[in-house]
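> One structure, as structure tokens, below. Some questions next.
Protein chains in written order, with our numbering: chain A, 509 to 640; chain B, 2 to 113.
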């Protein structure tokens, strides 16, 4: 019962996870380290639909969080205290434009799911009002 | 002219179908960004019409929406789904009111 509310909730959960990963990726985009040290790996949400045997489906779920490249990208910054003997600093691979696009997509989707939850709640309430 | 029990049966089928339809729409919206997801819809109106005209049982069926897909294989149109959600919501309210009316008629007949 009340599947539509659960489904909208599953969408909001995935969107929230997506927004969280974007927040982490953008916040850590400039975390330069000495090459050889572990560099921040961007996080990407892998989501998939939840199938239902005899019905339209039961929403969406996070399958895994995929990570960006571990080696990072090298920048020549000899004056940076983190630079190695070759004057290079390792930065995380984060595409800011891609992250911002994802942020807008996840926000729209979050709003749409929240709207579905409101509509579904009204519909169920209306059904509960049926009386003689 | 359908009697009260028949009307209630038709309205109940409609409401069940509308709830299923609402679930399909919610599922499409939840998967608006899921790569490879194909939107589905629940159809029942034509089946109900045929059953009312010719007798027989109406069924609600889940079928693919069949719109063209974007490059990630997803074919959900958020605008379409939000419109369908609004329609579904108003249709449900109409059926809810009609059911209440039918029950009121029955109740009046019983109590006199």
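Backbone N, C-alpha and C define an ideal beta-carbon position, used for all residues, glycine too.
None of the values given here were measured: they were computed from a predicted structure.
1. For residue 21 of chain B, which residues in chain A fall below 8 Å Cβ to Cβ?
2. Given this structure, state the Cα-to-Cα distance separating residue 628 of chain A from residue 513 of chain A, to the nearest angstrom.
3. Where are the beta strand (DSSP E) runs, 3 residues long or more, that stay fully inside the segment 527-582 of chain A, in chain order?
4. Say whether the segment 30-39 of chain B touches the segment 65-78 of chain B, bearing in mind that this needs 3 or more beta-carbon pairs closer than 8 Å, one atom from each stretch.
5. In chain B, which residues lie less than 7 Å from residue 621 of chain A when you measure between Cβ atoms?
6. Name the chain B residues that come within less than 8 Å of residue 638 of chain A, Cβ to Cβ?
7. May I ask you to report which of helix, strand or coil DSSP gives residue 41 of chain B?
8. Taking Cβ-Cβ distances shorter than 7 Å, what residues in chain B pair up with residue 531 of chain A?
9. Quickly, what does DSSP pair residue 584 of chain A with across the bridge? List them, please.
10. If you reduce the DSSP assignment to three classes, tell me which class residue 81 of chain B lands in.
11. Kindly say whether residue 574 of chain A, judged by its beta-carbon, lies nearer than 8 Å to any beta-carbon of chain B.
12. Considering Cα atoms alone, identify which of A:558, A:611, A:548, A:542 is closest to residue 536 of chain A.
13. Would you verify that the beta carbon of residue 85 of chain B is, or is not, closer than 8 Å to some beta carbon of chain A?
14. Is it buried or exposed, residue 16 of chain B, if we count other Cβ atoms within 10 angstroms and call 16 or more buried?
15. Rounding to the nearest angstrom, what Cα-Cα distance links residue 551 of chain A and residue 572 of chain A in this structure?
Let me spell this out:
1. For the purposes of this step, residue 21 of chain B is taken as the residue at position 20 of the second chain. Around residue 21 of chain B, the beta-carbon contacts reaching into chain A at under 8 Å are 563, 564.
2. In the first chain, residue 628 of chain A corresponds to position 120, counting from 1. In the first chain, residue 513 of chain A corresponds to position 5, counting from 1. The straight-line gap from Cα to Cα measures roughly 6 Å.
3. 551-557, 568-575
4. yes
5. In the first chain, counting from the first residue as 1, residue 621 of chain A sits at position 113. In chain order: 30, 31.
6. Position 130 of the first chain, counting from 1, holds the residue named residue 638 of chain A. Under the 8 Å cutoff, chain B gives 97, 100, 101, 104.
7. As a working note, residue 41 of chain B is residue 40 in the second chain. Three-state DSSP puts residue 41 of chain B in a strand.
8. Counting from 1 along the first chain, the entry for residue 531 of chain A is found at position 23. Under the 7 Å cutoff, chain B gives no residues; its nearest Cβ is about 17 Å from residue 531 of chain A.
9. Here residue 584 of chain A is taken as the residue at index 76 of the first chain, counted from 1. DSSP output for residue 584 of chain A lists A:596 as bridge partner(s).
10. What you label residue 81 of chain B is simply residue 80 of the second chain in a count that begins at 1. Residue state for residue 81 of chain B is assigned as helix, using DSSP reduced to three classes.
11. On the first chain, position 66 is the one that residue 574 of chain A refers to. No, no contact with chain B.
12. Taking the first residue of the first chain as 1, we reach residue 536 of chain A at position 28. Here the closest residue by C-alpha is A:548.
13. Locating residue 85 of chain B in the second chain gives position 84, where the first residue counts as 1. No, its Cβ sits nowhere closer than 8 Å to a Cβ of chain A.
14. Residue mapping note: residue 16 of chain B aligns to position 15 of the second chain, counting from 1. Buried, by the Cβ-count rule.
15. Taking the first chain and counting its residues from 1, the one referred to as residue 551 of chain A is at position 43. Taking the first chain and counting its residues from 1, the one referred to as residue 572 of chain A is at position 64. Each residue's Cα considered, the two are about 10 Å apart.
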